[in-house]
Amino acid sequence: MVKGQGVVYINYVDDKISSGMNGHAVNIFFDVYDFDIDKRSKSAYIDIRNGDYSKITLIPLRNIGLIEFFPKKSDFVKAYPQIKEMKGE
């Protein structure tokens, strides 16, 4: 994986539970430096770094229906070409 160029696509099981932040049943994380599943805490771990900006997100696995990890943005755009015009590419 090229560090900092990954994309993580997460589709949630229950949109009502995920509505605490953006209200959508899907999140797309760009500029992913590291991604892992923490079996002990039962969470998806997403480390995002872009220049001076960095953020770590932990999402409980109990509400995740699908996780897709793409090591490069170009791989993500090939899988989801209709999303290529989003900010973050």
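Residue numbers (the working numbering): 14 to 102.
Ideal Cβ placement from N, Cα and C applies to all residues, glycine included.
Kindly examine the ligand NAD and report whether one of its heavy atoms sits closer than 7 Å to the Cβ of Asn24. In terms of ligand content, the structure shown is empty, and the ligand NAD therefore cannot be addressed.
Would you grab the beta carbon distance between Tyr22 and Ile41 for me? Rounded to a whole angstrom, and I think it's under 8 Å. 5 Å
Starting from the C-beta of Asp49, find all residues in its chain whose C-beta is less than 6 Å away, skip the five residues before and the five after it, and write them out in chain order. Taking C-beta separations shorter than 6 Å and ignoring five residues to either side along the sequence, the partners of Asp49 in its chain run Tyr58, following chain order.
Among residues of its own chain, excluding the 5 on either side of Val20, which ones have a beta-carbon nearer than 7 Å to its beta-carbon? Ile41, Phe42, Phe43, Val45, Phe83, Lys86 and Phe89
Whole angstroms are fine: how far does the CA of Pro94 sit from the CA of Lys55? 31 Å
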